[in-house]
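Engineer: Before anything else, here's the structure in question.
There are 2 protein chains.
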Amino acid sequence: MELFAEHGYDGTTVAEIAERAGLTERTFFRHFADKREVLFAGSDELAERVAQLVVDLPPAPPLAAVTAALSSAFGDQLDGLLSWARQRQAVIAANRELGEREVAKLGSLTAAISQALGRRGVDGPTARLAAEAGMVAFRVAFDRWIADDLPAGEPLGERIRRCAAELGAVTAGPLDLAQPDSAAATATSTASS
Amino acid sequence: MELFAEHGYDGTTVAEIAERAGLTERTFFRHFADKREVLFAGSDELAERVAQLVVDLPPAPPLAAVTAALSSAFGDQLDGLLSWARQRQAVIAANRELGEREVAKLGSLTAAISQALGRRGVDGPTARLAAEAGMVAFRVAFDRWIADDLPAGEPLGERIRRCAAELGAVTAGPLDLAQPDSAAATATSTASS
DNA sequence: GTCTATAGTCCGATAGAC
DNA sequence: GTCTATCGGACTATAGAC
């Protein structure tokens, strides 16, 4: 993080990171599969922990279990680390490959949660949708938490629950248009080359 | 796609792709920012098209507009290209970097949809959540469409609407646990090292 | 089109811990 | 003896600079 803050991610070579840590470049690659991974150390273990929380929770609707597990795993750990989280997010946002790695990690977490719901007896399709819905709430809540200018705003756990509630409101409405895509659909109904 | 099917993505060099196309390696990088992009050509234009559809639709609830636009843009174009889509997804699924690029592209599409909803007068937070919700429905529907063994199953557009409806059901329930994370939260309530 | 740097892999060698 | 962590060199492909 020191080197990234100084020269940026792209401007920092693996050799420099290794040297700062008192190691060689080759050793770095024994610990991290690629350069990006150094910013996501421990994410697999965290996903496992969230999954375990989902499994262990008392009976509840699927989405409630997901948001409770996410709040419990991230809310308590991250509140107090706001400035560190901001710094890390700034580095990630400034680099395309890092952003891609991050969404991929979030995807793995989604899959782990879906599987954990399955172990609670939730059927496959519902588990997938509840996991995706919970992760939408988490990502939106996290982004708001990072973006807030307030030094000590609403804690992350509260935000997650509120975002999940807002998501429920958005998905509650009817899905059919008054005149089902009359203009839009006919314009593309024939196969284009 | 021919070369990827023969030797796999990693086993195919940019030089080979360029040669097959009658070009040089450097010219390839003039058309595509990196090797991965060759599998996502036209995705930016497609995102723009979806956004335009969202803007142009008649008045409707935000999520209904999103699913209608996605169905209209992808449903008609992709049905009939199922085997091609399966081949492409197989290549992407077999390579980590390609999977990461794909989720990143889907993230860009989500942002474009959210912005388009803003131009319909939807407020920011609701736009984001409706875009995310619609994309969850799209991704789940797409995965089911690809995975189905049936040669001619339910068309993609129908699946999207059904997944959105299922998502509404999942997010409808109460969000609080009976005993708000009594066991799970207390175990991690103190700051861990 | 040429040149170059960096990421990442494969080979093997060494040394300490148990 | 086995496991694991370190290191070194040679090598290729991606990708950027010019």
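Taken in order, these protein sequences are the chains called L and S. First residue of the first sequence? That's 1291 in this note's numbering, and the numbers climb one at a time after it. First residue of the second sequence? That's 1291 in this note's numbering, and the numbers climb one at a time after it. Ideal Cβ placement from N, Cα and C applies to all residues, glycine included. These figures come from a predicted structure and were not determined experimentally.
Cα separation between Ile1436/S and Asp1413/S?
Structural biologist: For the purposes of this step, residue 1436/S is taken as the residue at position 146 of the second sequence. For the purposes of this step, residue 1413/S is taken as the residue at position 123 of the second sequence. Computed Cα separation, rounded: 34 Å.
Engineer: Go through the stretch 1295-1343 of chain L residue by residue and report every complete run of the alpha helix (DSSP H) that reaches 4 residues or more, in order.
Structural biologist: Counting only unbroken stretches of 4 or more residues, the alpha helix (DSSP H) elements lying wholly within the stretch 1295-1343 of chain L are 1304-1310, 1315-1321, in sequence order.
Engineer: Please list the terminal residues of the continuous alpha helix (DSSP H) segment that includes Arg1410/L.
Structural biologist: Residue mapping note: residue 1410/L aligns to position 120 of the first sequence, counting from 1. Premise fails: Arg1410/L is in no alpha helix (DSSP H) and is neither H nor E.
Engineer: Tell me whether Ser1361/S is buried or exposed, calling it buried when 16 or more other Cβ atoms sit within 10 Å of its Cβ.
Structural biologist: As a first step, residue 1361/S must be located in the second sequence, where it is residue number 71. By the 10 Å Cβ count, Ser1361/S comes out buried.
Engineer: If you drop the 5 nearest sequence neighbours on each side, which residues of the same chain put their C-beta closer than 7 Å to that of Leu1293/S?
Structural biologist: Walking along the second sequence from the start, residue 1293/S turns up at place 3. So the list reads Thr1302, Glu1306, Ile1307, Arg1310, once near-sequence residues are dropped.
Engineer: Beta-carbon separation of Ile1382/S and Leu1329/S under 8 Å?
Structural biologist: Here residue 1382/S refers to the residue found at position 92 when the second sequence is read from its first residue. Here residue 1329/S refers to the residue found at position 39 when the second sequence is read from its first residue. Contact annotation: Ile1382/S and Leu1329/S have beta-carbon atoms nearer than 8 Å.
Engineer: Cβ of Val1340/S within 8 Å of Cβ of Leu1399/S?
Structural biologist: Start at 1 with the first residue of the second sequence, and residue 1340/S comes out as number 50. Start at 1 with the first residue of the second sequence, and residue 1399/S comes out as number 109. Their beta carbons are under 8 Å apart, which means Val1340/S touches Leu1399/S by this criterion.
Engineer: Within a Cβ cutoff of 6 Å, which residues of the same chain sit near Arg1320/S, ignoring the five residues on either side of it in sequence?
Structural biologist: On the second sequence, residue 1320/S is found 30 positions in, with the first residue counted as 1. So the list is empty, once near-sequence residues are dropped.
Engineer: I'd like to know whether the C-beta atoms of Ala1420/S and Val1460/L end up nearer to each other than 8 Å.
Structural biologist: The count along the second sequence starts at 1 and reaches residue 1420/S at position 130. The count along the first sequence starts at 1 and reaches residue 1460/L at position 170. Yes, the pair counts as a contact, with Cβ atoms nearer than the cut-off.
Engineer: Rank Pro1415/S, Arg1378/S, Glu1444/S, Cys1453/S by C-alpha distance to the C-alpha of Gln1331/S and give the top, closest one.
Structural biologist: Here residue 1331/S corresponds to residue number 41 of the second sequence, with the count starting at 1. Checking the displayed sequence, the identity of residue 1331/S turns out to be Ala instead of Gln. The option with the nearest alpha carbon to Ala1331/S is Arg1378/S.
Engineer: Look at the Cβ atom of Gly1397/L, then the Cβ atom of Val1393/S, and state whether they are nearer than 8 Å.
Structural biologist: For the purposes of this step, residue 1397/L is taken as residue 107 along the first sequence, with counting starting at 1. For the purposes of this step, residue 1393/S is taken as residue 103 along the second sequence, with counting starting at 1. Taking 8 Å as the Cβ cut-off, Gly1397/L and Val1393/S qualify as a contacting pair.
Engineer: May I ask you to report which of helix, strand or coil DSSP gives Met1291/S?
Structural biologist: Along the second sequence, read from residue 1 onward, the residue named residue 1291/S stands at position 1. Met1291/S: coil per DSSP, three-state reduction.
Engineer: When burial is assigned at 16 or more other CB atoms within 10 Å of the CB, is Pro1352/L buried or exposed?
Structural biologist: Within the first sequence, residue 1352/L is the residue found at index 62, counting from 1. With 16 or more other Cβ atoms within 10 Å, it is buried.
Engineer: Pick out the complete alpha helix (DSSP H) segments inside the stretch 1382-1456 of chain L, 4 residues or longer, and give them in chain order.
Structural biologist: 1386-1409, 1414-1437
Engineer: Residues of chain L with CB under 9 Å from Arg1451/S, in chain order?
Structural biologist: Taking the first residue of the second sequence as 1, we reach residue 1451/S at position 161. The answer, in chain order, is Leu1465, Asp1466.
Engineer: Give the range of the alpha helix (DSSP H) segment to which Leu1353/S is assigned.
Structural biologist: By 1-based counting over the second sequence, the position of residue 1353/S is 63. Here the alpha helix (DSSP H) through Leu1353/S covers 1352-1360.
Engineer: Determine the DSSP secondary structure at Asp1366/L, reduced to helix, strand or coil.
Structural biologist: The count along the first sequence starts at 1 and reaches residue 1366/L at position 76. If DSSP states are grouped into helix, strand and coil, Asp1366/L belongs with the helices.
Engineer: How about Ala1406/S and Val1344/S: do their beta carbons lie closer than 8 Å?
Structural biologist: Within the second sequence, the letter at position 116 stands for residue 1406/S. Within the second sequence, the letter at position 54 stands for residue 1344/S. Yes, Cβ-Cβ distance for Ala1406/S and Val1344/S is below 8 Å.
Engineer: Between the beta-carbon of Ala1350/S and the beta-carbon of Leu1467/L, is there less than 8 Å?
Structural biologist: As a first step, residue 1350/S must be located in the second sequence, where it is residue number 60. As a first step, residue 1467/L must be located in the first sequence, where it is residue number 177. Yes, Cβ-Cβ distance for Ala1350/S and Leu1467/L is below 8 Å.
Engineer: Quick one: residues in its chain with C-beta nearer than 6 Å to the C-beta of Ala1477/L, no 5 flanking neighbours on either side, listed in chain order?
Structural biologist: In the first sequence, the residue the question calls residue 1477/L occupies position 187. Only weak support is given to the placement of Ala1477/L: the predicted model assigns it a pLDDT of 42, under 50, and the value that follows is read from those uncertain coordinates. Contacts found: none.
Engineer: Would you tell me roughly how many angstroms separate the C-alpha atoms of Ser1333/L and Ala1401/S, rounded to the nearest one?
Structural biologist: For the purposes of this step, residue 1333/L is taken as the residue at position 43 of the first sequence. For the purposes of this step, residue 1401/S is taken as the residue at position 111 of the second sequence. Each residue's Cα considered, the two are about 25 Å apart.
Engineer: Can you tell me the Cα-Cα spacing of Ala1417/S and Leu1313/L, whole angstroms?
Structural biologist: Residue mapping note: residue 1417/S aligns to position 127 of the second sequence, counting from 1. Residue mapping note: residue 1313/L aligns to position 23 of the first sequence, counting from 1. Their backbone Cα atoms lie some 48 Å apart in a straight line.
Engineer: Give the C-beta separation of Ala1337/S and Leu1347/S to the nearest angstrom, bearing in mind that I take them to be a contact with Cβ-Cβ under 8 Å.
Structural biologist: Here residue 1337/S refers to the residue found at position 47 of the second sequence. Here residue 1347/S refers to the residue found at position 57 of the second sequence. Rounded, the Cβ-Cβ distance is 16 Å, inconsistent with contact.
Engineer: Taking only the alpha-carbon atoms, compute the straight-line gap between Leu1368/L and Gly1370/S and give it to the nearest angstrom.
Structural biologist: To locate residue 1368/L, count along the first sequence from 1; it is residue 78. To locate residue 1370/S, count along the second sequence from 1; it is residue 80. So the alpha carbons of these two residues sit roughly 47 Å apart.
Engineer: Step through the CB atoms of chain L and report whether any lies within less than 8 Å of the CB of Gly1408/S.
Structural biologist: The count along the second sequence starts at 1 and reaches residue 1408/S at position 118. So no, Gly1408/S is outside the interface.
Engineer: Quick one, which residues of the stretch 1338-1358 of chain S are near chain L if we go by CB-CB under 7 Å, in chain order?
Structural biologist: Leu1343, Asp1346, Leu1347, Pro1348, Ala1350, Pro1351, Pro1352, Leu1353, Ala1354, Thr1357, Ala1358
Engineer: Along chain L, in chain order, which residues have C-beta atoms closer than 7 Å to that of Gly1389/S?
Structural biologist: As a working mapping, residue 1389/S is identified with position 99 in the second sequence. Within 7 Å Cβ-Cβ: Ala1394.
Engineer: Taking 8 Å as the CB-CB limit, is Glu1456/S close to chain L?
Structural biologist: Here residue 1456/S refers to the residue found at position 166 when the second sequence is read from its first residue. By this cut-off, Glu1456/S is an interface position.
Engineer: Looking at the C-beta of Pro1445/L, does it have a partner C-beta in chain S at a distance below 8 Å?
Structural biologist: For this step, residue 1445/L is matched to residue 155 along the first sequence. So, not an interface residue.
Engineer: Check the Cβ of Ala1420/L against every Cβ in chain S and list those closer than 7 Å, keeping chain order.
Structural biologist: In the first sequence, residue 1420/L corresponds to position 130, counting from 1. Within chain S, the residues near Ala1420/L are Val1460.
Engineer: Just the C-alpha distance for Gln1469/L and Met1291/L, rounded to the nearest angstrom, thanks.
Structural biologist: Here residue 1469/L refers to the residue found at position 179 of the first sequence. Here residue 1291/L refers to the residue found at position 1 of the first sequence. In this predicted model, Gln1469/L has a pLDDT of only 48, less than 50, meaning its place in the structure is not dependable enough to derive any value.
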